[in-house]
Amino acid sequence: MKKGKDQQNSSFLRYIILLLACVALYGNMFIFDQPALLKEQIMQAYIPVYGEQLTGFYFSFMYSFYSIPNIILPLVGGFMSDVFGYRKMSLIFMFFVILGQGFLYFGSSVANLKYMILGRFMFGLGGESLCVASSIIINKWFVGKELSFANALNLSLIRSATVLGTYISPRIAEKSGMTTAFGVGFGITLISGAALLIMNFIDSYAEILQKRNLQKTEGLLDNSIQVMDFGELVKQILDDIRMFPKIFWILTLIMTTFYTSVLIFISFSSGIIIKLWLPSDAPIEQNQEVAGELMGIPYLCCTFLSPFVGLMVDKVGQRIKFLAIGCALVFLGLVLMLLFYPIFCMLTLGLAYALFASTIWTSIAFVQDLIIQRGTAFGVMNSVQNFAFFVMPLFIAFISAEASSQVSVVLFFLILASVSLIIAIYLYIEDQNRPVSLNSNDQKKLMNFVNNHKEEGEEFEEEEIIETK
Numbered sequence: 001m002k003k004g005k006d007q008q009n010s011s012f013l014r015y016i017i018l019l020l021a022c023v024a025l026y027g028n029m030f031i032f033d034q035p036a037l038l039k040e041q042i043m044q045a046y047i048p049v050y051g052e053q054l055t056g057f058y059f060s061f062m063y064s065f066y067s068i069p070n071i072i073l074p075l076v077g078g079f080m081s082d083v084f085g086y087r088k089m090s091l092i093f094m095f096f097v098i099l100g101q102g103f104l105y106f107g108s109s110v111a112n113l114k115y116m117i118l119g120r121f122m123f124g125l126g127g128e129s130l131c132v133a134s135s136i137i138i139n140k141w142f143v144g145k146e147l148s149f150a151n152a153l154n155l156s157l158i159r160s161a162t163v164l165g166t167y168i169s170p171r172i173a174e175k176s177g178m179t180t181a182f183g184v185g186f187g188i189t190l191i192s193g194a195a196l197l198i199m200n201f202i203d204s205y206a207e208i209l210q211k212r213n214l215q216k217t218e219g220l221l222d223n224s225i226q227v228m229d230f231g232e233l234v235k236q237i238l239d240d241i242r243m244f245p246k247i248f249w250i251l252t253l254i255m256t257t258f259y260t261s262v263l264i265f266i267s268f269s270s271g272i273i274i275k276l277w278l279p280s281d282a283p284i285e286q287n288q289e290v291a292g293e294l295m296g297i298p299y300l301c302c303t304f305l306s307p308f309v310g311l312m313v314d315k316v317g318q319r320i321k322f323l324a325i326g327c328a329l330v331f332l333g334l335v336l337m338l339l340f341y342p343i344f345c346m347l348t349l350g351l352a353y354a355l356f357a358s359t360i361w362t363s364i365a366f367v368q369d370l371i372i373q374r375g376t377a378f379g380v381m382n383s384v385q386n387f388a389f390f391v392m393p394l395f396i397a398f399i400s401a402e403a404s405s406q407v408s409v410v411l412f413f414l415i416l417a418s419v420s421l422i423i424a425i426y427l428y429i430e431d432q433n434r435p436v437s438l439n440s441n442d443q444k445k446l447m448n449f450v451n452n453h454k455e456e457g458e459e460f461e462e463e464e465i466i467e468t469k
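Numbering (the UniProt record's numbering), first residue to last: 1 to 469.
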């Protein structure tokens, strides 16, 4: 009786942590696409100052400068979360998120585009690393216990912030100006900071009770501060990276190409939709509202579909197949953008995003040891992804400036989608060499394989092998 009650309390506490983790990321997701949602207002305000072409490049800097620190920081931040504790590091990351949005708000209020770009850079110092820290805590509390569902529910709730942003930011900007819209984003980041403090307190207290009752340490090394010089830090990170198996790098590549072809496309889709499909004689504010609503459709689909996809993945497995279907749907959606009104493209991209995002992070959990190197693994993936996110906006700005039509931009994203689909097929082939397939639906046996499989090619006990056909 007492054991059942303890399990019920533990389950309740897990979902409290999950809810707070979602709220902690809510501000992050709300503010990320605000520049894209208000692109026409930004361009209209600064073209008289810098000219159309230079303003376009400055606008792309808002995303590229966000990504610059995240080429390295998620890797270092993930490792430091492993060593110094994700709770301490998450507070630092949240500080930069709030500070960055504060600078964006201030830059808009004084009509200084360079301050706004600086704010996005500061936001980048914390944004992606905060997501890494959040992934660590969710995996800590849910590994072996509805992990796919927990990650999918987290994705659903935080993407509702993006949906909310796509709906209200253009309207606030139309009625009260874009500075007010950025100010609302700043206020939401403060609420997220408060949620992070509460989550860290609960998580810390639960860990103290666990250690007190069980007389052993589980999870991360939160109570030990280790001092190491820069050379030792780099050496330790490189040693960790060398241990990552081949399939981890394949998953990293497929995630990078998929998210680049979807998330970067969505971020730039406002201009594409306005140029290709909306009437040129309509007011800018009206076209921006319509484009903003269409931009929100993939995130809205993701919000509603992700929990169900997560439950399905927990039940049936088939992770690689879901990843491949997601990549194929992106290709289809981008073709639809060229042929039909954008709602069909955005609905297809939303379904693809829900399938892929609900699957990719749990796939990583069943490849890399989560107890020792999970922060470093998540950090590596985010670093590679953000290198692409740094390069692509600049490349897209160049294509837009040189090409006579936005069709060229869509064709470029079609090429990226094709590459992600090819990698997904290669991933399926590579997975056949694993004793335990990523397509398995038995999470406990998968985790047993991950925690005991030390070297590539090492023999694995027969009873642990899962046949998946």
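Even for Gly, the Cβ is constructed at its ideal location relative to N, Cα and C.
* Asked: Looking at the structure shown, is Val132 part of a helix, part of a strand, or coil, going by DSSP?
  -> helix
* To do: Would you kindly work out how many angstroms separate the C-alpha atoms of Ala352 and Arg319, rounded to a whole number?
  => 13 Å
* Start and end of the alpha helix (DSSP H) containing Ser109? -> 86-109
* Considering only residues of the same chain and omitting the five flanking positions on each side of Ala173, which have a CB-CB separation below 6 Å? -> Leu38, Gln41, Ala181
* To do: Classify Val367 as helix, strand or coil using the three-state DSSP reduction.
  => coil
* How long is the line joining the alpha carbons of Ser270 and Asp442, rounded to whole angstroms? -> 42 Å
* Identify the continuous alpha helix (DSSP H) that holds Thr260 and give its terminal residues. => First-last for Thr260: undefined, no H or E at that position.
* Asked: By the 10 Å Cβ neighbour count, where 16 or more other Cβ atoms means buried, how is Glu207 classified, buried or exposed?
  -> buried
* Asked: Are Leu349 and Val335 close, meaning C-beta to C-beta below 9 Å?
  -> no
* Would you mind listing the alpha helix (DSSP H) stretches within the segment 352-422 that are 4+ residues and don't spill past its ends, in chain order? => 374-402
* **Beta-carbon proximity list for Arg14, same chain, < 6 Å, skipping 5 on both sides** => Trp141
* To do: Alpha carbon to alpha carbon, how far is Asp33 from Asn433? Give it in angstroms, no decimals.
  => 40 Å
* Roughly how many angstroms lie between the CA atoms of Ser358 and Asp314, to the nearest whole one? -> 10 Å
* Check the C-beta distance from Leu276 over to Gln406 and give it rounded, since I have them as a contact under 8 Å. => 5 Å
* Own chain residues within Cβ distance below 6 Å of Glu467, not counting five before or after -> Per-residue confidence for Glu467 stands at a pLDDT of 34, beneath the threshold of 50, marking its modelled position as unreliable; no derived number is given.
* With burial defined as no fewer than 16 other Cβ atoms inside 10 Å of the residue's Cβ, what is the status of Pro279: buried or exposed? -> exposed
* Asked: Considering only residues of the segment 306-361, which uninterrupted alpha helix (DSSP H) runs meet the minimum length of 4 residues and lie entirely inside it, listed in chain order?
  -> 319-339
* To do: Enumerate in chain order the residues of its own chain whose CB-to-CB distance from Val227 is below 8 Å, with the five nearest sequence positions on each side excluded.
  => Confidence is the limiting factor: at Val227 the pLDDT is only 42, short of 50, which leaves the residue's position unreliable, though a coordinate-based value still follows. Same-chain partners within the cutoff: there are none.
* Measure the alpha-carbon distance for Met295 versus Lys235 and round it to whole angstroms. => 43 Å
* Would you report the Cα separation of Leu263 and Ala401, rounded to the nearest angstrom? -> 21 Å
* Cβ-Cβ distance between Gly126 and Gly107 below 9 Å -> no
* In the structure shown, what three-state DSSP assignment does Ala152 receive? -> helix
* Cβ pair Leu438, Gly317 closer than 9 Å -> yes
* Does the Cβ-Cβ distance between Tyr426 and Lys321 come in under 9 Å? -> no
* To do: Would you check if the distance between the CB atom of Gly185 and the CB atom of Phe30 is smaller than 9 Å?
  => yes
* Leu332 to Ile202 span [Cα, whole Å] -> 44 Å
* Asked: Taking DSSP as the reference, what is the three-state secondary structure of Asn441?
  -> coil
* In angstroms with no decimal places, state the Cα-to-Cα distance between Cys301 and Tyr205. => 36 Å
* When the Cα atoms are used, what is the spatial distance from Met43 to Ile396? -> 16 Å
* Asked: Sorted by chain position, which residues of the same chain lie with C-beta nearer than 6 Å to residue 490's C-beta, five sequence neighbours on each side aside?
  -> Residue 490 is absent from the structure shown; the chain starts at 1 and stops at 469.
* Asked: Can Val97 and Gly27 be called in contact, C-beta distance under 9 Å?
  -> yes
* Three-state class that DSSP yields for Asn112 in the structure shown -> coil
* **Start-to-end residues for the alpha helix (DSSP H) that takes in Pro245** => First-last for Pro245: undefined, no H or E at that position.
* Between the Cα of Leu99 and the Cα atoms of Ser60, Ser363, Pro435, Met122, which residue gives the shortest distance? -> Met122
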